[in-house]
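Participant: Sending over a structure as structure tokens; questions will come in a sec.
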Amino acid sequence: MTACALPREAHAAIALTMTPDERGQAAPDTLGHEEAAAEIARLRAEVDRHNHLYHVKAAPELSDSAYDDLFRRLQALEAAHPSLATPDSPTQRVGADPLESLPNVEHVVPMLSLDSAHDIDAVRRFDERLRKALDDDEVSYVLEPKLDGASLELVYVNGVLERAVTRGNGRVGEGVTENVRTIPSVPLRLGEDTLPAPAFLSVRGEAIMYLGEFENLNQRRIEAGEPPYQNPRNATSGALRQLDSRITATRPLTVLAYDVMEVEGADFATDSEGLAALRAWGLRTPERIRVAESVEEIAEYHRAFDADRESLDYEIDGVVVKLDAWGPRERLGSTSHHPRWAIAYKFEPRKEVTRIDRIFVSVGRTGVLTPVALLRPVEVGGVTVSRASLHNREELERKDLREGDQVRVQRAGDVIPQVVERIAEEGRGRGEAFVMPDECPSCGTEPVEKGPFTVCPNHFACRAQLKGRITHFGSRNALDIEGLGSETAALLVDEGLVNELANIFDLTEDDLVPLEGFAEVSARNLVRAIGERRSVELGRFLVGLGIPEVGVAVAADLAAHFRSVDAIRGAAPEEMEEIHGVGEKMSAAIRNFLDEPRVAEALDRLMAKGIKPTAPPVREAGGDGETDGPESPWAGKRVVLTGALETFSRSELKKILQHLGARVTGSVSARTDLVVAGANPGSKLARARELGVDLVDETELRKRLDASAGGRGGSGDGGDASAADAATR
Ligand code: IVH
0 MTACALPREA
10 HAAIALTMTP
20 DERGQAAPDT
30 LGHEEAAAEI
40 ARLRAEVDRH
50 NHLYHVKAAP
60 ELSDSAYDDL
70 FRRLQALEAA
80 HPSLATPDSP
90 TQRVGADPLE
100 SLPNVEHVVP
110 MLSLDSAHDI
120 DAVRRFDERL
130 RKALDDDEVS
140 YVLEPKLDGA
150 SLELVYVNGV
160 LERAVTRGNG
170 RVGEGVTENV
180 RTIPSVPLRL
190 GEDTLPAPAF
200 LSVRGEAIMY
210 LGEFENLNQR
220 RIEAGEPPYQ
230 NPRNATSGAL
240 RQLDSRITAT
250 RPLTVLAYDV
260 MEVEGADFAT
270 DSEGLAALRA
280 WGLRTPERIR
290 VAESVEEIAE
300 YHRAFDADRE
310 SLDYEIDGVV
320 VKLDAWGPRE
330 RLGSTSHHPR
340 WAIAYKFEPR
350 KEVTRIDRIF
360 VSVGRTGVLT
370 PVALLRPVEV
380 GGVTVSRASL
390 HNREELERKD
400 LREGDQVRVQ
410 RAGDVIPQVV
420 ERIAEEGRGR
430 GEAFVMPDEC
440 PSCGTEPVEK
450 GPFTVCPNHF
460 ACRAQLKGRI
470 THFGSRNALD
480 IEGLGSETAA
490 LLVDEGLVNE
500 LANIFDLTED
510 DLVPLEGFAE
520 VSARNLVRAI
530 GERRSVELGR
540 FLVGLGIPEV
550 GVAVAADLAA
560 HFRSVDAIRG
570 AAPEEMEEIH
580 GVGEKMSAAI
590 RNFLDEPRVA
600 EALDRLMAKG
610 IKPTAPPVRE
620 AGGDGETDGP
630 ESPWAGKRVV
640 LTGALETFSR
650 SELKKILQHL
660 GARVTGSVSA
670 RTDLVVAGAN
680 PGSKLARARE
690 LGVDLVDETE
700 LRKRLDASAG
710 GRGGSGDGGD
720 ASAADAATR
């Protein structure tokens, strides 16, 4: 729209000015209050109108310099008459002082996400569901592009922009009002030319960067010696979350509004009416919005947008299909995550063709050897991709990938690079089939095969695993060693002071003092902290070993059942399975780990450092404290947790449920009794719905936990009566 890199307001605000005299206007300070007030009101309306024409309608009537004149006259009048300055003046977009941090702000109504469909059949099922629940004449859809930016809530009170909040976790986001005020397409005051402003409006929209402006921005950054942004979405969220709104003002953001979340003082029967009102109030809405009656029309809209995707000046990743009528929307309601009346019909991920230059093997923190393809760099949807995980031996064989092969790559979920397939090339010789190495590339140990995976069994000494192991050993749920974080662990390994886990008990002050970041006191403290943890609860010690499948809860159960490291090391799988919640798979994983000769030897050396884990106190059977008895309504219930929990930590919740006798399992099946869904749940939620499994969100779960504690008249040790509270303390 303009060749100027900065937004027009910023430009006007900093441009050199002619004096009023030179323009034949009265000098601002010579005007009386009334006169100044009248001219200020007129100028604000003018500036707002031209701003709207320029940024929302893309149909400017004034040249940049004529606009600048108006703007600066307004600035000068406000400066000469400070009592007339108001925050909704167009001069007040930029200039608030930087913030220390962005405040957390609760949304007026939760900002849900959209369920997605990846093919037309899923859209058809969505349509069928709606038609089943509603009358046929209530089913008509609004179609919009699904903008790939950052979602925002704008709140207007009596027509004035009161706050702007990022989506955050959907319930609470970050207050970015000052930043959003600098975005020219966001009216500071709603226009009232054709429709009075409502008393209250909460509207959702997407902040985006047009591609041309994004490229200009990156060009400016490169010239200034700053790193360019990977893509417009990252640049947008970065710009929105600045602490200094003057920086945001230099970033070319646009907000497109698409959803009235809450309104008082205006009444709409349909989304189409709501969108028309948003436009009447001066907000910009997405282009190419249309109404459709059938799945065929939706398919056509999707196809047309997909075909134009590359030539659009902004990024989209699908189209959004929303029921138009508001009444039926309300009747359908929402799950805890998304409205039942809308769906995002996604595009196929972008795919590009490139070549595998080399395949190498990387060793992860748990010892898994992962083949990784080094690719000839290729841009996939705005991001340069130069490597992709090939996952494991079987996957590599299935896709038959070799060095030198031509391949198709995509970004899964538009994020993680993946090699989709090999493209056969006739007449071109191929390299050797890739075989997994017979030595761990990090420590030279012979790897073992575990299912499709290849694993380095040298868990406590392999350098690639050691840093992670040390960090885990000292972490909060394990030995809780203050000062033994990931940076220190890395330093200890890199400096050659720790060559296997047991070595941390050999560290002396003299070893540590010369290290970067250490002084005498910190060295002494760390040595003492490590030494003191020779006496540690058995459960914590087991957690610290990082045995596969053994988290806090299983470790506590193993500790309570076996009561010593030796007993666990000698336990048969069947003995382990006597523990509630330990199945065959878990017992086999534990046994395998402990039986691994290198692990067993390293464990001997670790125990030889004088570690004396303590067994937990014996629970008195049938006593008041016994909470997992048969009377618990949770006894034997299979519960699955999915998505991000907000008020519980996952491990705490798991402990609570297990304490009540429930089994917390990883996947949803017909035998699952309950699924607890947090934010952004994965396929488990869909599966639960499919199977008709009882589904609750955190609030409901909390109620049930409270009810079950209360229902049994409270428990003697208070252990679970306040379980839900304890988790949030
Ligand atoms: S409607 C409750 N319309 O896509 C439904 N969302 O999970 C309100 N998005 O981050 C959302 N373009 O912010 C809607 N035209 C559009 C959209 C859109 C992008 C975002 C949305 C959310 C994600 C869906």
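Mapping of the sequence shown onto numbering that gives the first Met the number 0: position 692 corresponds to residue 691, and the numbering continues sequentially without gaps.
Quick reminder that beta carbons are idealized off the backbone N, C-alpha and C, glycines included.
1) Relative to the C-alpha of TYR155, which candidate in PRO186, ILE182, SER139 has its C-alpha closest?
2) Measure the C-alpha to C-alpha separation of ARG71 and LEU210 and round it to an integer number of angstroms.
3) Assign ILE355 to one of three DSSP states: helix, strand, or coil.
4) Roughly how many angstroms lie between the CA atoms of GLU735 and VAL175, to the nearest whole one?
5) Determine, for ILE567, whether the minimum Cβ-Cβ distance to residues of chain B falls below 9 Å.
6) Return the chain-ordered list of same chain residues with a C-beta closer than 6 Å to the C-beta of ASP404, the five sequence neighbours on each side being excluded.
7) Give the DSSP-derived three-state secondary structure of MET575 in the structure shown.
8) Measure the CB-CB distance between HIS49 and GLU38 and report whether it falls below 9 Å.
9) Assess, as a yes-or-no matter, whether the region 190-203 is touched by the region 256-265 under the definition of 3 or more beta carbon pairs within less than 8 Å.
10) Can you tell me which of the three DSSP states PHE346 falls into?
11) List the endpoints of the continuous alpha helix (DSSP H) containing TYR300.
12) Is MET110 near ligand 1 - that is, is its Cβ less than 8 Å away from at least one heavy atom of it?
13) Taking only the alpha-carbon atoms, compute the straight-line gap between LYS345 and GLY550 and give it to the nearest angstrom.
14) Taking the alpha carbon of VAL104 as the point to measure from, which residue in LYS145, ASP120, GLY172, ALA57 has its own alpha carbon closest?
15) Would you identify the three-state DSSP class for GLU425, choosing helix, strand or coil?
16) Which residues in the same chain as ALA620 place their Cβ atom closer than 6 Å to its Cβ, once the five residues preceding and following it in sequence are excluded?
17) Quick one: using the 10 Å Cβ neighbour count with 16 as the cut-off for buried, is ASN457 buried or exposed?
18) List the endpoints of the continuous alpha helix (DSSP H) containing ILE529.
19) At which residues does the alpha helix (DSSP H) containing LYS636 begin and terminate?
20) Sorted by chain position, which residues of the same chain lie with C-beta nearer than 7 Å to THR353's C-beta, five sequence neighbours on each side aside?
21) Quick one: give me the first and last residue of the beta strand (DSSP E) that ARG410 is part of.
22) Specify the secondary structure class of GLN218 as computed by DSSP and reduced to three states.
23) My assumption, with CB atoms under 8 Å, is that PRO451 sits in contact with GLU393. Please give the rounded CB distance.
24) Is DSSP giving THR176 helix, strand or coil here?
25) For VAL414, which option in ARG124, LEU322, ALA387, LEU511 has the closest C-alpha, if you only look at C-alpha atoms?
26) Can you round the beta-carbon distance between GLU508 and ALA522 to whole angstroms, since I take them to be within the 8 Å contact cut?
27) For TYR155, list the residues DSSP reports as bridge partners.
28) Residue range of the alpha helix (DSSP H) that GLY148 falls in?
29) Whose CA, out of ASP594, GLU595, GLU576, lies closest to the CA of SER586?
30) If you check the beta carbons only, do SER563 and ALA501 fall under 9 Å apart?
31) Does the Cβ-Cβ distance between GLY467 and THR365 come in under 9 Å?
32) Give the secondary structure of GLU329 by DSSP, where H, G and I count as helix, E and B as strand, and everything else as coil.
33) Between which two residues does the beta strand (DSSP E) carrying VAL320 extend?
34) Taking 9 Å as the threshold (C-beta atoms), are LEU151 and THR165 in contact?
35) On the three-pair Cβ rule with 8 Å, is the region 554-571 touching the region 508-518?
Facilitator: In brief:
1) PRO186
2) 30 Å
3) strand
4) As shown, the chain starts at 0 and ends at 728. That puts residue 735 outside it, with no answer to give.
5) Chain labels in this structure do not include chain B; a single protein chain is all it has.
6) ILE355, ARG421
7) Reduced to three states, the DSSP call for MET575 is helix.
8) no
9) The count of Cβ pairs closer than 8 Å, one atom from the region 256-265 and one from the region 190-203, reaches three, so the stretches are in contact.
10) coil
11) Per DSSP, TYR300 belongs to the alpha helix (DSSP H) from 294-307.
12) It does: the Cβ of MET110 is within 8 Å (strictly closer) of some heavy atom of ligand 1.
13) 37 Å
14) The shortest Cα separation from VAL104 among LYS145, ASP120, GLY172, ALA57 belongs to GLY172.
15) coil
16) The predicted position of ALA620 is uncertain, since its pLDDT is 43 and thus under 50; no value can be drawn from it.
17) Classification of ASN457: buried, given that the 10 Å Cβ count is 16 or more.
18) 519-531
19) Unbroken run through LYS636: none, as it is neither H nor E.
20) Cβ within range, chain order: LEU374, ARG375, VAL377, VAL406, VAL408.
21) Annotation: the continuous beta strand (DSSP E) that includes ARG410 extends over 405-411.
22) Correct three-state label for GLN218: helix.
23) 4 Å
24) helix
25) ALA387
26) 5 Å
27) LEU160, LEU200
28) That residue, GLY148, is in no alpha helix (DSSP H); it is neither H nor E in DSSP.
29) GLU576
30) no
31) yes
32) helix
33) 315-322
34) yes
35) no
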